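In UniProt numbering, the protein residues as written are 246 to 602.
C-beta atoms are modelled at their ideal positions from N, C-alpha and C, and glycine is treated no differently.
Note that the structure is predicted; figures quoted are calculated from it, not measured.
Some notes on the structure that comes next.
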Ligand code: F6R
């Protein structure tokens, strides 16, 4: 039930801090550590490569998951768009392990890859919001998102829940391998939940920014580097699928290799800056497009922000920044769509779960 909310999407955006806390609680053991079933970590530690397979928003969370599995658990990881897998299959040697990311657990493109993977005899984990869903039943292991039903077609809380569960999984793997990379995951995810709440409390400001930066525009760009690039891809999908503004998420440094030709007077470019090692480079790219007329809007994390930035986000552990930075981009998409008068929860041409290939 959406209760007093005008749209499910806003309700589901608002639920994200509670979802983070719920995930901590569901995955915490009696000693307070985050754990997943031991047979799962055992199977994953036998693997020499992980392949993440997903579509759409789940594909975008997969990129953040790759970062965790490589940085925290130290296992080489690839990310695949499910519908491309058959045509561009990865070279499978040694002991691959597959992770299917799917909110619904029913996506046909992902399922057809799982069917192949099981034919080949490789182990598979499904991370899903729906217990008993097809991809959950057909995989060897399941981790649940514990996000509660997601009704709005545009996925919000499933994206952040997927990233949080991938962080939990990586942390559990790292712990078994004897390195946690210095992240106290329970503590840091708790900080993320509070930061999300602060961003959501500031939604009026984001509604104003949506008016200022995404008025009658036909196109827009989100840019970032590293983890901020992954969020840019998701931010762009969210904006385009409900507001119909043609939006691209771009690696900030790649823009100058062609796409910058599209920047003209007033083109909105929204930049995400949360990673210290690349912040000055992304700022350089913001200047590049601003000098060509772009209407730039910077979302920067405290510590890396300056007073001209449009949104200053609370500080969280940089590795977990995507969980927090995606929230204002979800709200931007929501308000840009509301201001255009479209049905936020039911964008044209789309269904909640895509059960055809
Ligand atoms: C976008 C969106 C879709 C889904 C995609 C995969 O907001 O919801 O891109 O993420 O269709 O769906 P699942 O995760 O159910 O496999």
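Simplified DSSP assignment, three categories, for residue i
i           : result
residue 330 : coil
residue 299 : strand
residue 546 : strand
residue 563 : helix
residue 251 : coil
residue 532 : helix
residue 369 : strand
residue 294 : strand
residue 307 : helix
residue 556 : strand
residue 496 : strand
residue 602 : coil
residue 261 : helix
residue 346 : strand
residue 325 : strand
residue 314 : helix
residue 399 : coil
residue 268 : helix
residue 439 : helix
residue 358 : helix
residue 335 : coil
residue 352 : coil
residue 280 : coil
residue 341 : strand
residue 517 : strand
residue 636 : For the chain, the structure presents residues 246 to 602; residue 636 sits outside this window and is missing.
residue 465 : strand
residue 491 : strand
residue 407 : helix
residue 587 : coil
residue 389 : strand
residue 319 : coil
Reference residue i; option with closest CA among the options
i           : options               : result
residue 368 : 349, 292 and 438      : 292
residue 577 : 504, 528, 516 and 538 : 516
residue 415 : 492, 431, 455 and 318 : 318
residue 594 : 566, 487 and 562      : 487
residue 451 : 358, 378 and 580      : 580
residue 539 : 464, 358 and 572      : 464
residue 407 : 467, 285, 298 and 289 : 298
residue 268 : 286, 527 and 402      : 402
residue 462 : 490, 404 and 448      : 490
residue 558 : 568, 430 and 544      : 544
residue 537 : 283, 301 and 514      : 514
residue 251 : 588, 280 and 433      : 588
residue 270 : 409, 366 and 370      : 409
residue 330 : 343, 405, 320 and 321 : 343
residue 597 : 328, 353, 339 and 285 : 353
residue 582 : 520, 528, 442 and 460 : 460
residue 385 : 371, 531 and 551      : 371
residue 362 : 377, 393 and 334      : 334
residue 295 : 308, 301 and 525      : 308
Rounded Cβ spacing between residue i and residue j (contact assumed at less than 8 Å)
i           : j           : result
residue 469 : residue 506 : Residue 469 to residue 506, Cβ: 20 Å. No contact.
residue 411 : residue 310 : 4 Å
residue 253 : residue 590 : 5 Å
residue 355 : residue 380 : 6 Å
residue 474 : residue 542 : With 8 Å as the limit, residue 474 and residue 542 do not qualify as a contact, their Cβ atoms being about 17 Å apart.
residue 437 : residue 565 : 5 Å
residue 440 : residue 360 : Not a contact, Cβ separation roughly 40 Å.
residue 316 : residue 426 : 6 Å
residue 508 : residue 534 : 5 Å
residue 444 : residue 573 : 6 Å
residue 584 : residue 456 : 6 Å
Residue i CB to nearest heavy atom of ligand 1 below 7 Å
i           : result
residue 542 : no
residue 477 : no
residue 348 : yes
residue 257 : no
residue 494 : no
residue 362 : no
residue 393 : no
residue 482 : yes
residue 564 : no
residue 442 : no
residue 246 : no
residue 574 : no
residue 301 : yes
residue 582 : no
residue 486 : yes
residue 352 : yes
residue 399 : yes
residue 598 : yes
Closer than 8 Å to chain D by CB, residue i
i           : result
residue 453 : The structure shown contains no chain D; it holds only a single protein chain.
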